[in-house]
Each structure stands twice: as C-alpha cells, then as structure tokens.
Amino acid sequence: MVKAKVFVYQRRFDGWPKEGDLKLVEEELPPVKNGEFLAEAVYLSVDPYSRVFSSRLPLGAPFLGYQIAKVLESKNPKFPIGRHVFGYFGWRTHTVVKDEPSGMFPPPVLVPEWKDVPLSYFLGVLGMTGNTAYFGVLEICQPKKGDVVLVSAAAGGVGSVAGQIFKIKGCTVIGLVGTEEKGKWLVNELGFDNFINYKTADLDKALSEVAPKGIDCYFDTVGGHITNTVLSHMNEFGRIGICGTISSANEDNETSAPFNLSHIVGKQIKMEGFTVLRWPNRQSEGMVQNHKWIQEGRLKTRETVTEGFENAFKAFLDLFLGNNIGKAVVEI
Ligand SMILES: NC(=O)c1ccc[n+]([C@@H]2O[C@H](COP(=O)([O-])OP(=O)(O)OC[C@H]3O[C@@H](n4cnc5c(N)ncnc54)[C@H](OP(=O)(O)O)[C@@H]3O)[C@@H](O)[C@H]2O)c1
1 MVKAKVFVYQ
11 RRFDGWPKEG
21 DLKLVEEELP
31 PVKNGEFLAE
41 AVYLSVDPYS
51 RVFSSRLPLG
61 APFLGYQIAK
71 VLESKNPKFP
81 IGRHVFGYFG
91 WRTHTVVKDE
101 PSGMFPPPVL
111 VPEWKDVPLS
121 YFLGVLGMTG
131 NTAYFGVLEI
141 CQPKKGDVVL
151 VSAAAGGVGS
161 VAGQIFKIKG
171 CTVIGLVGTE
181 EKGKWLVNEL
191 GFDNFINYKT
201 ADLDKALSEV
211 APKGIDCYFD
221 TVGGHITNTV
231 LSHMNEFGRI
241 GICGTISSAN
251 EDNETSAPFN
261 LSHIVGKQIK
271 MEGFTVLRWP
281 NRQSEGMVQN
291 HKWIQEGRLK
301 TRETVTEGFE
311 NAFKAFLDLF
321 LGNNIGKAVV
331 EI
C-alpha cells in the first residue's frame, strides 16, 4: 500500500496565506486499476494562481498545483514505468492518475526526453510558465520591432521569459522589479534595456525617465496601483496583455485597484486578459520554440529551488513576498 503526503486545503484563506490554512496529511492510495498509473512527484510548482483559484476549491481537497512526476507503476501503455509526466495532481507526493482532464485542467502528458535541459525546466520555461509568456507575448501583445515594452514582475517565472521574447522580437524592454538584484540580473544577463525598482522609485517619474516616448505594450502580471500608474504612460493604440493580478491576490476586495479608464478610451488602448489554457492544442509549439531559443542562447532561465515537500508552503508564501528569482519550484 502506497502512502502519499498531501497538503489539503484546511481553512479558507483570509488575506495572506497563513500556517494552518493548509494541513499536511498522509493518505493511503488505492491500487492502480486498468487505464491508471502511479506517479511519484519529483518537482512541484508553486504558483500565484493557486491563491487566486482557491475560492473555487472545496475545503479538504488537495491544494492546487502541478508537478513533474515519475511513473512508478502503470496499467496504461501510454505512460510507461520510468517516464516522467506533467500533471495537475495538486500538492501531493504520490498520485494514482487517470488519463483524463481534472476539472478545468488538462490530462497528464509525458515529459519529452530531452537530455540537454534539467527536468525542472518543464515546470518553468518549458512548461506552463514558458507557454504563458510565449502565447501572451506573441498572441495577445503582438509585438512589433521597435515597440517600447514594459513587463511587470519581470524577474519572475513568466515575466523573465516574456521580456526575453519581446527582446527576440526587436523591442526595447523595461522590467518592473522589487529589488536591485533582480533588476541587475535582467539587464546584465537577460538583455533587458532597463529596469525600475517599483518598491523604491517614484514609478510615475521613473517611467517618464526610462520611457520618455511612452509605452507601446504592457505585459501585466501584477495589476493594481502599478497598472493604474502605467496607464497614463501608454501610447495611442497601445496594447496591454493582462496575464495576472498578483498585487491583489491576497486582498478580499479586488476592487481596490481602480483603473483610470479614460486613458483606455482616449488613447484607444486594447487591453485583453488571457490564460495559457486558451491554447490547449498548441502547448508543444511554445515548448519546442522556447527550447530552440534556449539552445540558441537567446533565452535564459533561472529557478529558485526549495528543498523538501514539507517546505512547499514557505515557497508559496515567498512568491507574494518577492523572495523568488525566476521560476519557483520545490524539489521533493
Ligand atoms: N494568465 C495565465 O495563464 C498565467 C499563468 C501563469 C502565471 N500567471 C500570472 O503571472 C504572474 C506571475 O506568475 P509567476 O508564476 O511567474 O510568479 P513569479 O513572477 O515568479 O513570482 C511572483 C512575483 O511577483 C512579484 N510580486 C509579488 N507581490 C507583488 C505586488 N504586490 N506587486 C508587484 N509585484 C509583486 C514578486 O516579484 P517582485 O520582487 O518584482 O515584486 C514575485 O517574485 C502572476 O500574477 C500569475 O498569476 C498567469
């Protein structure tokens, strides 16, 4: 009998996630039936969306998350023993998996056996994170050579990839970050043109200085007052891709971020929200292209790795504290 460790959603979040909102329990797994396989987590992803979507999660359910897992036992020939899979199994060490969608999430997929990249990249730059950047930039923002682009949470998993794809497309790219260390990484190693530390700068003034001709495209992962300030710097016919709203993720009242919509009207701005799940049949396209850019040395990545499944909650909280650089993952 296999025992899984599982973080269950024990108490509804009230503001910031707190110790005790999740509970670590042990669960005995049922035997693997025909069509199923047993997966052992190798890397767990921690993501802001788990906080955002938690309102839809029933209490007592495994907490929301996706992982790379190894197939230990299989009664499904599509998932042979020893191969790695990507799946939305939740925060758990072992799972008996059916080859079918789970709620709004797609079914498990085999991880490619590419030897030139670490396995954990399939949670980040070669996984959902990289695809969010890929489709958000190319499909929603549709960058043109010479565009001035602003990316928020630019040193995070999604933002750091998005900014580099804008650079590949010939844009001038400015990153918003919460520390000098993050900003220097973006400029010195990833090729961003500039950065603003939104925690120490007067954002309005700093944007006038680094983007004196205005912003053509804003890849927004934070929302709130930052976005409100950015609106007044957007150019006519600017595009804004709304990827996330982490600044209000822990607020009960999400209306605390009013937009000055007159900028949207007056400057005829196109603003569009999106989720990566919009392109279910094109996920391998994004993964293959991001892999090619890595091989060509045009796309770099970084991970913040937390050791131990038991420490997943701390890694999750660190996202909201800005303690991660690049994609945050937990090594089980
Ligand atoms: N639409 C989609 O399909 C999709 C998919 C994946 C992720 N997302 C969204 O994309 C965003 C980034 O996700 P990620 O997984 O790549 O996480 P991440 O950027 O790696 O980590 C979160 C980062 O957000 C910044 N942050 C935290 N609180 C903030 C605040 N109040 N104001 C401004 N910045 C804040 C922090 O960096 P600083 O030090 O710079 O503050 C932190 O490191 C999230 O909003 C997420 O929900 C959307």
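Just so you know, the sequence shown maps onto residues 1 to 332 in full-length UniProt numbering. No residue lacks a Cβ here, since even glycine has one placed at the ideal position from N, Cα and C.
Cβ-heavy atom distance, residue i to ligand 1, below 7 Å
i	result
residue 327	yes
residue 48	yes
residue 222	yes
residue 128	yes
residue 156	yes
residue 301	no
residue 177	yes
residue 286	no
residue 76	no
residue 244	yes
residue 247	yes
residue 226	yes
residue 13	no
residue 290	no
residue 52	yes
residue 86	no
residue 32	no
residue 276	yes
Where residue i sits in the DSSP three-state scheme
i	result
residue 332	coil
residue 53	helix
residue 134	helix
residue 234	strand
residue 333	In the structure displayed, the chain extends from 1 to 332; residue 333 sits before or after that span and is not available.
residue 61	coil
residue 301	coil
residue 175	strand
residue 228	helix
residue 43	strand
residue 92	strand
residue 248	helix
residue 71	strand
residue 66	coil
residue 335	Because the chain in this structure spans residues 1 to 332, residue 335 falls outside the shown range and cannot be described.
residue 324	coil
residue 211	coil
Cβ shell of residue i (< 8 Å), same chain only, five flanking positions each side left out
i	result
residue 333	Any property of residue 333 remains undetermined from this structure, which presents the chain solely from 1 to 332.
residue 214	148, 233, 234, 235, 238
residue 20	10, 11
residue 249	48, 51, 52, 320
residue 117	126, 291, 294
residue 75	32, 33, 34, 35, 36, 37
residue 314	306
Cβ-based neighbour list, residue i, same chain, cut-off 7 Å, excluding 5 preceding and 5 following
i	result
residue 318	324, 328
residue 199	178
residue 289	134
residue 67	41, 43, 44, 45, 87, 89
residue 283	131
Own chain residues within Cβ distance below 6 Å of residue i, not counting five before or after
i	result
residue 107	99, 100, 101
residue 203	229
residue 72	38, 40
residue 192	163, 173, 175, 186
Residue i Cβ short of 7 Å to ligand 3 heavy atom set
i	result
residue 132	For ligand 3, the structure offers nothing, since it holds only ligand 1.
Say whether the region 51–62 touches the region 12–19, bearing in mind that this needs 3 or more beta-carbon pairs closer than 8 Å, one atom from each stretch.
Contact between the region 51–62 and the region 12–19 is present, with at least three C-beta pairs closer than 8 Å.
Indicate whether the contact test is met: 3 or more Cβ pairs, each with one atom in the region 92–100 and one in the region 18–36, closer than 8 Å.
By the Cβ rule, the region 92–100 counts as touching the region 18–36, because three or more pairs are nearer than 8 Å.
For the 8 Å Cβ check, are there 3 or more pairs between the region 85–93 and the region 262–269?
The region 85–93 vs the region 262–269: no contact.
Is there contact between the region 180–200 and the region 115–131, where contact requires at least three CB pairs shorter than 8 Å?
Taking a cut-off of 8 Å on C-beta distances, the region 180–200 does not touch the region 115–131, as fewer than three cross pairs fall below it.
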